[in-house]
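Working notes for the structure below.
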Amino acid sequence: QLGAHLPPRLTQQPWQLLFCTCTRRDGFSLQSLYRRGGRGGCPALLLIRDTEGQAFGAFSSSAIRCSSGFYGTGETFLFSFCPELKV
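Residue numbers (full-length UniProt numbering): 1 to 87.
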């Protein structure tokens, strides 16, 4: 479902899991997420499941990083799966 909303150049690219809290492999630190967040030019797909079981996230055409301001391009978007995909 989400693939239809990604930039066409990325739909056939392989994705790599960089950070995961569900296995406790990476912990829960936001700093760890920034460190593992990939190279600056790489797109990022952030998926979150909250304590109520709701899933939501964001797509960014650049890596997730710490910033004091907004960043992104016209390709950046937020989404939720509650109860179905909304972009």
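The beta carbon of each residue, even a glycine, is placed where N, CA and C say it ideally should be.
DSSP state of residue i mapped onto helix, strand, coil
i           : result
G72         : coil
L33         : helix
residue 105 : Outside the modelled stretch of the chain, which goes from 1 to 87, sits residue 105, for which no answer is possible.
L18         : coil
F28         : coil
A44         : strand
R65         : coil
Cβ-based burial, residue i [other Cβ within 10 Å; buried from 16]
i   : result
S67 : exposed
S32 : exposed
P14 : exposed
Assumed close pair residue i, residue j - CB separation to whole angstroms, cut-off 8 angstroms
i   : j   : result
G37 : I48 : The Cβ separation is near 15 angstroms, so there is no contact.
T73 : F59 : Wrong, their Cβ atoms sit about 10 angstroms apart, outside the cutoff.
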